[in-house]
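2 protein chains.
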Amino acid sequence: MEQVSAGQGTPVALGLEDFAVGQIYESGTLTVDAADIKGFAARFDPQPFHLDEIAARGSFFGGLAASGWHTAALTMRLLVTGGLPIKGGMIGAGVELAWSRPVRPGDTLRVVSEVIEVRPSRSKPDRGFVTVQSRTLNQKDEAVQEMTSRVMVFRRG
Amino acid sequence: MEQVSAGQGTPVALGLEDFAVGQIYESGTLTVDAADIKGFAARFDPQPFHLDEIAARGSFFGGLAASGWHTAALTMRLLVTGGLPIKGGMIGAGVELAWSRPVRPGDTLRVVSEVIEVRPSRSKPDRGFVTVQSRTLNQKDEAVQEMTSRVMVFRRG
Numbered sequence: 001m002e003q004v005s006a007g008q009g010t011p012v013a014l015g016l017e018d019f020a021v022g023q024i025y026e027s028g029t030l031t032v033d034a035a036d037i038k039g040f041a042a043r044f045d046p047q048p049f050h051l052d053e054i055a056a057r058g059s060f061f062g063g064l065a066a067s068g069w070h071t072a073a074l075t076m077r078l079l080v081t082g083g084l085p086i087k088g089g090m091i092g093a094g095v096e097l098a099w100s101r102p103v104r105p106g107d108t109l110r111v112v113s114e115v116i117e118v119r120p121s122r123s124k125p126d127r128g129f130v131t132v133q134s135r136t137l138n139q140k141d142e143a144v145q146e147m148t149s150r151v152m153v154f155r156r157g
Numbered sequence: 001m002e003q004v005s006a007g008q009g010t011p012v013a014l015g016l017e018d019f020a021v022g023q024i025y026e027s028g029t030l031t032v033d034a035a036d037i038k039g040f041a042a043r044f045d046p047q048p049f050h051l052d053e054i055a056a057r058g059s060f061f062g063g064l065a066a067s068g069w070h071t072a073a074l075t076m077r078l079l080v081t082g083g084l085p086i087k088g089g090m091i092g093a094g095v096e097l098a099w100s101r102p103v104r105p106g107d108t109l110r111v112v113s114e115v116i117e118v119r120p121s122r123s124k125p126d127r128g129f130v131t132v133q134s135r136t137l138n139q140k141d142e143a144v145q146e147m148t149s150r151v152m153v154f155r156r157g
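Those protein sequence lines, which keep their order, are chains B and A. In terms of the numbering used here, the first sequence opens at residue 1 and continues consecutively. In terms of the numbering used here, the second sequence opens at residue 1 and continues consecutively.
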């Protein structure tokens, strides 16, 4: 099971009026082991390079690598548990994702998010959309995933 | 645990030369229950509307809904197990995702993929990139997720 440490995110839940372009939010950390990688893959992405060290060695990845969807799910966990504390929860409308580097057994991940757009809804005055660029980094500060997501955020007021 | 039935995809593994714009590939099916939804959420997306029926009723979703990342992971499972049989495995370079409708307990999902671009690599003659639009549909043929992915594919030859 992934080991998790608490985030440094503000404990309060943020409303639309709290967001501004350029803000940076940083999550806690989480360490993944080979059993986590294989367990996720067996259920959701059963390909040899995510399931077996020997098979992975001869593959494109040159060794056991987490499924990109596992990396994405772990990123969500880090965002939801302190990385981006949004009032009423984190409800994504759309996402762009790129996996820049594989996640390996023993990697410790964290997510650094930057607000790149804040836009009130035209039709619904109680909410808006915040666009966030979230980089998932390993313990060497190398990006393993780059994600841009458009998230629905309600006003606090 | 999700119930899965086999895909109708060709059993052979497809190389770059097998792909052409306009081709349609269809996966098998998979049925999700409330325990699956809560189990995934507890591990990767612990928000009340993915974890608890009562809390979900008063939320944006109006009832228990799967995490979008769970939908994405299930889509990958359907693609990898017959939905899009690629030689050497399915290695994604980048993805765009939108969740059009929540996945509910009891939903049966399948994935219909259309090839929208095939492009040989400029630098590496043994491979290329195929862009695929994959729609994840529920039992009423409603789209729950729309995904465009750019996948690396090796030549058969």
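By construction, the Cβ of each residue, glycine as well, lies at the ideal position given by its N, Cα and C atoms.
Item                                                                                                                        : Value
CB of residue 124 (chain A) within 7 Å of CB of residue 13 (chain A), strictly                                              : no
C-beta neighbour in chain B for residue 60 (chain A), strict 7 Å                                                            : yes
Beta carbon proximity, residue 23 (chain B) to chain A, threshold 7 Å                                                       : no
Extent of the continuous alpha helix (DSSP H) run through residue 117 (chain B)                                             : Here residue 117 (chain B) belongs to no alpha helix (DSSP H); instead the beta strand (DSSP E) covers 108-120.
Min CB distance residue 63 (chain A) to chain B below 7 Å                                                                   : no
Residue-chain proximity (residue 37 (chain A), chain B), Cβ-Cβ < 7 Å                                                        : no
Cβ contact (3+ pairs, closer than 8 Å) linking the stretch 38-51 of chain B and the stretch 86-102 of chain A               : yes
C-alpha distance - residue 112 (chain B) paired with residue 26 (chain A), whole-angstrom precision                         : 37 Å
Interface flag, residue 44 (chain B) vs chain A, CB-CB below 7 Å                                                            : yes
Test: residue 76 (chain B) CB closer than 7 Å to a CB of chain A                                                            : yes
Pair within 7 Å by beta-carbon distance, residue 110 (chain B) and residue 31 (chain B)                                     : no
Status (buried if at least 16 other CB within 10 Å, exposed otherwise) for residue 21 (chain B)                             : exposed
is_contact[residue 157 (chain B), chain A] using C-beta, thresh 7 Å                                                         : no
Chain B residues whose Cβ lies nearer than 8 Å to that of residue 117 (chain A)                                             : Ordered by position in chain B, no residue passes the 8 Å Cβ test against residue 117 (chain A), which lies about 17 Å from the chain.
Within-7 Å CB hit, residue 9 (chain A) to chain B                                                                           : Note that residue 9 (chain A) has pLDDT 49, beneath the 50 cutoff, so the model's placement of it is unreliable and no number is given.
From B:83, B:103, B:122, B:62, residue whose alpha carbon lies closest to that of residue 141 (chain B)                     : B:103
Proximal chain A residues relative to residue 81 (chain B), where beta-carbon distance stays under 9 Å                      : 46
Residues, ordered as in the chain, of the stretch 89-122 of chain A that lie near chain B by beta-carbon distance below 9 Å : 89, 90, 91, 92, 93, 94, 95, 96, 97, 98, 99
From A:16, A:99, A:121, A:82, residue whose alpha carbon lies closest to that of residue 135 (chain A)                      : A:99
Bridge partner(s) assigned by DSSP for residue 96 (chain A)                                                                 : B:96, A:148
Residues near residue 66 (chain A) by beta carbon distance below 6 Å, same chain, minus five either side                    : 37, 103
Pair within 7 Å by beta-carbon distance, residue 132 (chain B) and residue 138 (chain B)                                    : no
Cα-Cα separation, residue 64 (chain B) to residue 52 (chain B)                                                              : 7 Å
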